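Colleague: For any residue, its number in my numbering is found by taking its place in the sequence shown, counting from 1, and adding 815.
Beta carbons are placed, not taken as given, at the ideal position from N, Cα and C, and that holds for glycine.
This structure is a prediction, so every number in the text was calculated from the model and none was measured.
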Amino acid sequence: MSFFTDPRWGEALSHLPDYLGNHVRVSLAALALGLAVSLPLAILTRNRPVPRGILLALASIVQTVPGLALLALFYPLLLLAASVTLAWFGVSFSAFGFLPAMLALALYSMLPVLRNGITGLNGIDPALLEAAKGVGMTARQSLVMVELPLALPVMMAGIRTAAVWVIGTATLSTPIGQTSLGNYIFAGLQTQNWVFVLFGCVASAVLALAVDQLLGLIEGGLRRRSRARTGLGAVGIAALVAATLVPTMGRSSQSYVVGAKTFAEQYVLSALLRDRLQAAGLPATTRSGLGSSVIFEALKAGDIDLCVDYSGTLWANQLHRTDIKPRAELIADLKTALAKDKITLLGELGFENAYALVMPRKRAEALGVRTIADLVAHTSTMSIAGDYEFFSRPEWAALQKAYGLSFRAQRQMQPDFMYAAVASGEVDVIAGYTSDGLIAKYDLVTLDDPRHAIPPYDAILLLAPKRAGDERLQAALTPLLGKIDITTMREANLRASGNDANSSPDAVAKWLWEKVGKR
816 MSFFTDPRWG
826 EALSHLPDYL
836 GNHVRVSLAA
846 LALGLAVSLP
856 LAILTRNRPV
866 PRGILLALAS
876 IVQTVPGLAL
886 LALFYPLLLL
896 AASVTLAWFG
906 VSFSAFGFLP
916 AMLALALYSM
926 LPVLRNGITG
936 LNGIDPALLE
946 AAKGVGMTAR
956 QSLVMVELPL
966 ALPVMMAGIR
976 TAAVWVIGTA
986 TLSTPIGQTS
996 LGNYIFAGLQ
1006 TQNWVFVLFG
1016 CVASAVLALA
1026 VDQLLGLIEG
1036 GLRRRSRART
1046 GLGAVGIAAL
1056 VAATLVPTMG
1066 RSSQSYVVGA
1076 KTFAEQYVLS
1086 ALLRDRLQAA
1096 GLPATTRSGL
1106 GSSVIFEALK
1116 AGDIDLCVDY
1126 SGTLWANQLH
1136 RTDIKPRAEL
1146 IADLKTALAK
1156 DKITLLGELG
1166 FENAYALVMP
1176 RKRAEALGVR
1186 TIADLVAHTS
1196 TMSIAGDYEF
1206 FSRPEWAALQ
1216 KAYGLSFRAQ
1226 RQMQPDFMYA
1236 AVASGEVDVI
1246 AGYTSDGLIA
1256 KYDLVTLDDP
1266 RHAIPPYDAI
1276 LLLAPKRAGD
1286 ERLQAALTPL
1296 LGKIDITTMR
1306 EANLRASGND
1316 ANSSPDAVAK
1326 WLWEKVGKR
């Protein structure tokens, strides 16, 4: 079977209506908002050097902020705004998904629109403006009848640039809950599904090219004063929007939404939960690729209905606890604390996925390293790699405090790539996960934590406040509780790290149910 006959292309195609539709909607909404703000500002400041300079400087600064960071920043800001409006006016709104993505992307669209708008308006021949005055036109009439028509081709070039930027950056909106073509890329990277990665990149590029060409038709029509070209471009944009709305018309708004974080195990477990709900006659979809803090806040706000989280993550990140308690006591305290936010801790799945320092077995044996305490003597000459958030998490601070770790260098990597990096010697130690099947694949070893700096990380099933009394939901999920042991989960994760049709989250979820459903 060749790469281009891989059945995963069919799976990727089946997601296209949903991913593409959401991507187009958020991109065009952001572009429309950006134009609604940028064009009036360009007109108002075109002859005012100081405000114009400040405005362009601010828009330029926005462009220096990485797209993913800009998108992520809007989520907590909107959460705060939602809490304020709820407290003051009794009205709240969702800070999840579409709204933060649209606002961040709108900011991203402003610079080319502002620059081209100001350049187009200021580039008009002064003699034409004098002629407009000479025939008795007011400033408003001159703007509408002379300046804007003459500047419009240049302004359209800025709009085309903004559209391409927005469509490309929209792929980064997945971690804050906005479904997009980025779902292919994030899921593909986490599960090493290169078909998904390529499909997502190509689909995004084709969409950007199509929109650019349609806007180019409008630009050409305006330049040549051709109503046919302008109309054809406008009809094309309208048809694109209409086509993306069709797949959502018959979709039930009552579907349960299963949230998932940004690594393979979560993709598998969310697919398993979705399948169990569907088998019980409950409509369900997944919302994958969410950041750790985003998924909890989304659950708390009811933007997702259920998810799998880890006791240690909630203990350290949400409760800000630094003390380490025995597993049963920690779970009991966590359940009580979550109940204050009306979140239901339904139960434990049966395995633990804790952070652990990991290194090659042969290297550990050669150095006589079995525990983190043994490692301390060697860290000054070693490098360590972790995922994108590990070195800012409380667990890393706890490890440093408990053992006095001081590595020569720290690197951040895509989680799956860390294991290959430590196995090949590119780094000496990684902060891995105890349930990861790649530990066995690369013959790695997890180092014991004798000082218990890292809390227990039991996989637990959480329900949103609005699902606390949902008996059908709980009945469908209860058969999973306590059924997935660490050996089975490691094997599932190893399968998900493969590169064939049987390694997709859906396929692995079906295999996992066949294993645990008989217990």
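1) Specify whether the segment 1246-1259 and the segment 1195-1204 touch according to this definition: at least 3 beta carbon pairs, one from each stretch, less than 8 Å apart.
2) Have a look at 968, 1137 and 934 and flag the residue whose alpha-carbon is nearest the alpha-carbon of residue 1035.
3) Rank 1096, 1054, 1121 and 919 by C-alpha distance to the C-alpha of residue 1081 and give the top, closest one.
4) Just to confirm my understanding: we take residue 976, look at its own chain, exclude 5 residues before and 5 after, and list those with CB closer than 6 Å. What are they?
5) I believe residue 1274 touches residue 1164 by the beta-carbon criterion, under 8 Å. Please report the beta-carbon distance rounded to the nearest angstrom.
6) Comparing alpha-carbon positions, which option in 1149, 1167 and 1166 lies nearest residue 1159?
7) Within its chain, find whatever has a CB closer than 6 Å to the CB of residue 1311; leave out the 5 residues flanking it on each side and keep chain order.
8) Where does residue 1228 sit, in a helix, a strand or coil, going by DSSP?
9) Let me know if residue 862 comes out buried or exposed under the rule of 16 or more other beta-carbons within 10 Å of its beta-carbon.
10) I'd like to know whether the C-beta atoms of residue 1262 and residue 1146 end up nearer to each other than 9 Å.
11) Who are the near neighbours of residue 986 in its chain, counting only those whose CB is closer than 8 Å to its CB and skipping five residues on each side?
12) Does the Cβ of residue 1040 have 16 or more other Cβ atoms within 10 Å, making it buried, or fewer, making it exposed?
13) Which class does residue 1073 belong to by DSSP, given the choice of helix, strand or coil?
14) Would residue 978 and residue 940 be called neighbours here (beta carbons separated by less than 9 Å)?
15) Assuming contact is defined by CB atoms lying nearer than 9 Å, are residue 889 and residue 991 in contact in what I supplied?
16) Which residue spans inside the segment 1196-1276 form an unbroken alpha helix (DSSP H) run of at least 4?
17) What are the residues that DSSP puts in a beta bridge with residue 1174?
18) DSSP three-state label for residue 1185, please.
19) Mind checking whether residue 1364 and residue 1235 have CB atoms under 9 Å apart?
20) I need the DSSP call for residue 1325, collapsed to helix, strand or coil.
21) Could you tell me the distance, in whole angstroms, from the CA atom of residue 843 to the CA atom of residue 1037?
22) What is the DSSP secondary structure of residue 1014, reduced to helix, strand or coil?
23) Is the segment 892-903 in contact with the segment 934-954, if contact means three or more CB pairs nearer than 8 Å?
24) So the beta strand (DSSP E) residue 1166 belongs to, where does it begin and stop?
25) Quick one: grab the DSSP three-state call for residue 1123.
26) Can you tell which of 921, 864, 907 and 1171 has the C-alpha that lies nearest to the C-alpha of residue 850?
27) Tell me whether residue 1006 sits in a helix, a strand or coil according to DSSP, three-state version.
28) Distance check for residue 956 and residue 1065, CA to CA, integer angstroms please.
29) Leaving out five residues before and five after residue 826 in sequence, what residues of the same chain have Cβ atoms less than 7 Å from its Cβ?
30) Taking Cβ positions, are residue 1309 and residue 1175 nearer each other than 9 Å?
31) Just to check my reading of the structure: residue 885 and residue 923 have Cβ atoms closer than 8 Å, yes? What is that Cβ distance to the nearest angstrom?
32) Would you mind working out which of 1282, 832, 867 and 908 sits nearest residue 892, comparing C-alpha positions?
33) Decide if residue 847 is buried, meaning its Cβ has at least 16 other Cβ atoms within 10 Å, or exposed.
34) Expressed to the nearest angstrom, what Euclidean distance is found between the alpha-carbon atoms of residue 1074 and residue 1092?
35) I think residue 870 touches residue 929, with their Cβ atoms under 8 Å apart; what is that distance to the nearest whole Å?
Modeller: On the basis of the data shown:
1) yes
2) 968
3) 1121
4) 927
5) 4 Å
6) 1149
7) 1006, 1079, 1083, 1318 and 1323
8) coil
9) exposed
10) no
11) 838, 995, 996, 997, 1000, 1015 and 1019
12) exposed
13) strand
14) no
15) yes
16) 1209-1218, 1230-1239 and 1253-1256
17) 1260
18) coil
19) Because the chain here runs from 816 to 1334, residue 1364 falls outside it and cannot be looked at.
20) helix
21) 21 Å
22) helix
23) no
24) 1159-1167
25) strand
26) 921
27) helix
28) For residue 1065, the predicted structure reports a pLDDT of 49, less than 50, and the residue's modelled location is therefore unreliable. A value from the coordinates is still provided. Distance between the alpha carbons of residue 1065 and residue 956: 47 Å.
29) 1319
30) no
31) 7 Å
32) 908
33) exposed
34) 13 Å
35) 6 Å
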